[in-house]
Amino acid sequence: MTWDAMMKVDLFMEFPSPPGHDRGPEDALHDGIAIARAAESAGVDAVWLAEHHFLGDYCNLAAPDMLLAAIARETSRLQLGFGIVPLPIHDPVRVAERLATLDILSAGRVLWGVGRGVTVTELKAFGVEPAATRDLFRERYGQLADLLRTGAFMRDGAHYELRPRPSPTLGRGWMACVSPESFSLAAELELNAMTGPFKPWPMIRADLARYRKAAPDGETSYTLAVYCEADHKAARRRARDGLLWVFRKIFEVSRPLLATQVEGYEHYRRLGWLLPILDKTLSVPVLERLGL
Numbered sequence: 076m077t078w079d080a081m082m083k084v085d086l087f088m089e090f091p092s093p094p095g096h097d098r099g100p101e102d103a104l105h106d107g108i109a110i111a112r113a114a115e116s117a118g119v120d121a122v123w124l125a126e127h128h129f130l131g132d133y134c135n136l137a138a139p140d141m142l143l144a145a146i147a148r149e150t151s152r153l154q155l156g157f158g159i160v161p162l163p164i165h166d167p168v169r170v171a172e173r174l175a176t177l178d179i180l181s182a183g184r185v186l187w188g189v190g191r192g193v194t195v196t197e198l199k200a201f202g203v204e205p206a207a208t209r210d211l212f213r214e215r216y217g218q219l220a221d222l223l224r225t226g227a228f229m230r231d232g233a234h235y236e237l238r239p240r241p242s243p244t245l246g247r248g249w250m251a252c253v254s255p256e257s258f259s260l261a262a263e264l265e266l267n268a269m270t271g272p273f274k275p276w277p278m279i280r281a282d283l284a285r286y287r288k289a290a291p292d293g294e295t296s297y298t299l300a301v302y303c304e305a306d307h308k309a310a311r312r313r314a315r316d317g318l319l320w321v322f323r324k325i326f327e328v329s330r331p332l333l334a335t336q337v338e339g340y341e342h343y344r345r346l347g348w349l350l351p352i353l354d355k356t357l358s359v360p361v362l363e364r365l366g367l
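Our numbering puts the sequence shown at residues 76 to 367.
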């Protein structure tokens, strides 16, 4: 088996704007287009853009489909990923319409991912109670899957057809997974599973193993923070501040779920033991020991 057959290398972007950085939120969007061009030239397979709202300098991308459309005009091979669409705050009809439109504009290069959303700030801002997201996700994913398959839907007794119609090239979607239950749900819904360094690696490895057993045809992905430089010590030194800032922000926006019991997000509360460790001793060696 060749390396290409075993693994694809994608780029995941959230567009932060750390304090003191000489590039602001507006610059970050333009930088994203340049980074995508460079990624395509370097042989990267796909670029995935996060969607977040009202999280300050952690993420400056509330409309990833618009930026993906701009990237589509500047690239020819790079696949374009929605990573992910938080379905509890979206109408599935609008999601299907945007996926179909971008898929046409990019000549069939769209990848799509969905999830429940994991910050109380965003859910509350859109009037969604965190406890409702599990059922909302199931309901809206079912609607989205039907829309992508049929290109039509019924509402209040009336029949509607999507224009443009979703293409079969959209293929199998992805689901953001953190808890063991979410990996099981991804397998049940026949979605690929994407995850990242949100808990120690041994726990994620066990989740991935269970997913692969339940969904042998499914694909998996794992997000890594990577900084490349010829000298190992120099790379660690230069990446340190940025890496620690990102992890502080991840735990800051996740803190309401880690620190208190929120219905529907019980697994996050069980990970709350990480907070005192990371609050007091956050460092690259600690992250390495925890498998983050």
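The beta carbon of each residue, even a glycine, is placed where N, CA and C say it ideally should be.
Taking one beta carbon from each stretch, the segment 291-307 and the segment 269-277 have 3 or more pairs nearer than 8 Å; the two touch.
Residue H127 holds the alpha-carbon nearest to the alpha-carbon of N135 among M141, L142 and H127. Judged by their CB atoms, L266 and G246 are not nearer to each other than the 8 Å cut-off. For H307, the enclosing alpha helix (DSSP H) starts and ends at H307 to A334. Residue pairing by DSSP places H234 opposite M229 in a beta bridge. Unbroken alpha helix (DSSP H) stretches of 4 residues or longer found wholly inside the segment 232-311: 255-263 and 276-289, given in chain order. Remark: C-beta atoms of A121 and L186 approach each other more closely than 8 Å. Assigned with DSSP and collapsed to three states, L136 falls in coil, not helix or strand. Beta-bridge partners assigned by DSSP to F87: W123.
Rounded to whole angstroms, the separation of the alpha carbons of A125 and F87 is 8 Å.
Following the DSSP letters along the chain, one finds G95 in no alpha helix (DSSP H), marked with neither H nor E. Within the segment 127-208, the beta strand (DSSP E) runs of at least 3 residues that lie entirely inside it are, in chain order, 154-161 and 185-190. Around the beta-carbon of S181, 16 or more other beta-carbon atoms lie within 10 Å, marking it buried. A contact between stretches requires three or more CB pairs, one per stretch, nearer than 8 Å, and the segment 195-212 meets this requirement with the segment 323-340.
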